[in-house]
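Protein chains in written order, with my numbering: chain A, 1 to 458; chain B, 1001 to 1458. Glycine residues also receive a C-beta, built at the ideal position from the N, C-alpha and C atoms. The structure under discussion appears below in the form of structure tokens.
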């Protein structure tokens, strides 16, 4: 059984209140990268992170990018030891619909052993696990067993559009022997795990233009194509009745799972009915021929994330609206090419445009899927660290989420990576009432504290 | 050529500035019946109307209903002459999207010979034509040639849900020999017209419920049915590719036009391409096999008036939303039964619900279509009055709009009705930048002034 050094463990335990206070302070900064109105908050969050890294002994600075800045800190006082790049993000998802939060999204509130707030686990709390772990080493021993370079970015929630170019610009500064990414969840509270695959991500915004102004549905009903109905037809046509995407070429590069992979996934404790009940839906639904976990980790999706058009207030308003708009995104797997998928879906949408309307499609995002090695010494070290933090050997899993920087590290730095995150599947990330279980938060701090020792010896 | 009494004509001409000032004052009251936040404004508007009717010599009072009150005024000083019921409405459509108005919606602004503002023509300006006409008679001659009962309601824009029960309650007070409704438009500036058919109207609100909270589209993508996509499938399935409603029984009671009716409609000066250009669309579109005017006046529609669900802000948010909602309405013709249509469409929507979501449908509205006589003496009188106001014999037309009270007068009072309105098809009613051409407004005042004399002699 891997355990953690006694003094470090004691330090982590006695500072729990301080960790919570610090996480509350981070949550209080509404660093929403999707909303230009929060640009100032995003920058302020980065500046505070730089100050914080300095306070624990890192040589830290803000690195400008073509978008929101990076918070960068390094400590290189362990000659001969490996240099570990630690990655996280300080930006958060929008908080709306805010009225569904039980406590305000940008205030950390502790209830029932969990801390609630936007960014609690995605990813401020998980960034803080590393700052706390570094601090524990520095205050307890006066140094770290490894060299560290901490890179915390501010655009992960909008697809990290400027991260890869920043990586290229600061390549020499940022280069390391291995990257550690803490922005994922474990399989469940009882099943610690390490994530070895992430899906890719691309986006579209589809606007269907009808009459120049909203038109009276009596005076013009029967004459005008309805933009909402046109958009509905376009969206409905993107999948068949079995949930399979109909766009020709969409599945190019999607690997079929082999029997052993399917068996490994089937062995995990996952109950469709219980999951459906927890999510509040009558049943789980998806592409035919694959189990829920297979679909979530290893099949691509095409998903409508938002739609609006016409009258949305109380009561009725009898109009044919001048436009309707939908936000759509895809999660990619295997070797699906983001640029190719963006293009073919855009063409399919344009080709599906009915008569009488004008359709416009914007697309964005360039995040491919990535699969990591399970056998690299760093992955083995991460397994031992997690055992120290949570008392059990972790299993390897996939995630349905996307972490653009994982692809960027692959493409620019070409270094091995380990994804070690400790969120839970029910953390409501990207949704109202996001939370981080304190047991996971504190266990994560112990895990990261142990991880640095394990990586020094890997 | 029918003309108007010289003194009356002079009165109408010299008071044009006062009419404009008064219309601006009415526009300034945001009597939006669809929005509960404006309930106070709606009532205030009714009270002001009652005061105004008293000031021109009517015996006026506010009549309570189960919803917004009626403004009622009568003058019964012409024994032996017919009693004419004048109908209009003081409530207005919501003004959103307010950012698309060139001047504030609840301020009347005159530009290029038109007055802009919510309710300018629908229906405050047209109600004011009657008040001005009554005033012209009273100030010029000291009396009216007919008995009048003025009923101005406050819920027309939400489908007049309480008008029919109020009519029944106040039947003796309101009863008259003929009803005059001024809430319609002429065919065009050059083609004065009288409307002899209106379509019916019913509403649905469809909500598709998915997960209890918005769910992360990575962590749950591939597992959950997407409420937006489910709603899109439901909407797309309501019509076939030729624009025909697929709900079984929807067309029950829809009369086929005969050759002479089609010929009469085809003779009207209507240019599809010009109409499309004015509306800002590539082409006019609708049910196959019928001309645009046939579709608009004499075919039913099923139209999506609004939709929303998921993320609607700037940028992207990768969620599977917890719900999506659409507002749908139908225009009815012939003997389509509102209650029957509501029920069969609701059943079709529920039957179309895909797996993994829960679908809820609310419905409202009970307005059947109505066809009026062209041969009744009152219709002939209206034709002569319009000739006095606009210098040409009017043609008979239909309208694609719905006026619930026309059906209620039919059902409760069982009296002949004349629809005489003077809006123009491009008035942007129910849309941003609603306007009333001053030439139509002032011509309408002359028309109504002449109408009372014509009805006295009809």
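Checklist entry - So, using beta-carbon positions, are residue 1044 of chain B and residue 1029 of chain B closer together than 8 Å? => result yes
Checklist entry - Among residues of its own chain, excluding the 5 on either side of residue 1416 of chain B, which ones have a beta-carbon nearer than 6 Å to its beta-carbon? => result 1178, 1376, 1378
Next on the checklist: Under 8 Å: do the region 56-66 of chain A and the region 7-21 of chain A share three or more Cβ pairs, one atom per stretch?
Outcome noted: no
Checklist entry - What are the complete alpha helix (DSSP H) segments, minimum 4 residues, inside the region 1003-1040 of chain B? => result 1006-1014, 1016-1027
Item to check | Cross-strand partners of residue 1201 of chain B (DSSP beta bridge) | outcome: B/1331, B/1367
Checklist entry - What are the boundary residues of the beta strand (DSSP E) that includes residue 75 of chain A? => result 70-75
Checklist entry - In terms of DSSP beta bridges, what is residue 398 of chain A paired with? => result A/197
Checklist entry - Would you say residue 1283 of chain B reaches chain A, if we count a Cβ-Cβ gap shorter than 8 Å as a contact? => result yes
Checklist entry - Which one of B/1337, B/1116, B/1330 has the shortest CA to CA distance from residue 1101 of chain B? => result B/1116
Checklist entry - Considering only C-alpha positions, which residue in the set B/1432, B/1282, B/1271 is nearest to residue 1291 of chain B? => result B/1271
Checklist entry - Does residue 1312 of chain B come within less than 8 Å of chain A when only Cβ atoms are used? => result yes
Item to check | Exposed unless 16 or more other CB atoms sit within 10 angstroms - verdict on residue 252 of chain A | outcome: exposed
Item to check | Members of the region 337-349 of chain A that neighbour chain B once the beta carbon cut-off is set at 8 Å | outcome: none
Checklist entry - Would residue 155 of chain A count as contacting chain B if we go by Cβ distances under 8 Å? => result no
Item to check | Cβ-based burial, residue 98 of chain A [other Cβ within 10 Å; buried from 16] | outcome: exposed
Item to check | Neighbour-count burial assignment, residue 1126 of chain B, 16 or more Cβ in a 10 Å radius | outcome: buried
Next on the checklist: Along the region 284-297 of chain A, where does the CB come closer than 9 Å to a CB of chain B? Name the residues.
Outcome noted: 284, 285, 286, 287, 290, 292, 293, 294, 295, 296, 297
Item to check | Euclidean distance between Cα positions of residue 320 of chain A and residue 1446 of chain B | outcome: 33 Å
Item to check | Option in A/4, A/11, A/396, A/35 with minimal Cα separation from residue 138 of chain A | outcome: A/11
Item to check | Inter-residue spacing [alpha-carbon to alpha-carbon] between residue 346 of chain A and residue 1027 of chain B | outcome: 45 Å
Checklist entry - Under a three-way DSSP split, which group does residue 417 of chain A fall into? => result strand
Next on the checklist: Which residues in chain A have a C-beta closer than 7 Å to the C-beta of residue 1299 of chain B? List them in chain order.
Outcome noted: 222
Checklist entry - Along chain A, which residues have their Cβ under 7 Å away from the Cβ of residue 1408 of chain B? => result Here the premise fails: no neighbours, minimum Cβ distance about 17 Å.
Checklist entry - Going along chain B, which residues have a C-beta under 7 Å from residue 114 of chain A? => result Those within 7 Å of residue 114 of chain A in chain B number zero; the least Cβ separation is about 15 Å.
Next on the checklist: Using 8 Å as the cut-off, can you tell me whether the region 1427-1444 of chain B makes contact with the region 1220-1230 of chain B, which would need three or more C-beta pairs spanning the two stretches below that distance?
Outcome noted: no
Item to check | residue 130 of chain A - containing alpha helix (DSSP H), residue span | outcome: 124-141
Checklist entry - In terms of residues, what are the limits of the alpha helix (DSSP H) holding residue 447 of chain A? => result 438-456
Item to check | Three-state secondary structure (DSSP) of residue 1144 of chain B | outcome: coil
Checklist entry - Near residue 1453 of chain B, what residues of its chain come up, given a Cβ to Cβ distance below 6 Å and the 5 sequence neighbours on each side ignored? => result 1145
Checklist entry - Does the distance from the CB of residue 209 of chain A to the CB of residue 153 of chain A come in under 8 Å? => result no
Next on the checklist: Counting only C-beta atoms, is residue 1126 of chain B closer than 8 Å to chain A at any point?
Outcome noted: no
Item to check | Nearest-angstrom Cβ-Cβ length linking residue 114 of chain A and residue 396 of chain A, presumed shorter than 8 Å | outcome: Actually they are not in contact, since the Cβ atoms of residue 114 of chain A and residue 396 of chain A sit about 26 Å apart, beyond 8 Å.
Checklist entry - If you count every other CB in all the chains shown that lies within 10 Å of the CB of residue 1449 of chain B, and 16 or more means buried, which is it? => result buried
Checklist entry - So which of B/1381, B/1458, B/1340 has the shortest CA-CA distance to residue 1368 of chain B? => result B/1340
Checklist entry - In three-state terms, what does DSSP make of residue 56 of chain A? => result coil
Next on the checklist: Does residue 213 of chain A pass the burial test, meaning 16 or more other C-beta atoms within 10 Å, or should it be called exposed?
Outcome noted: buried
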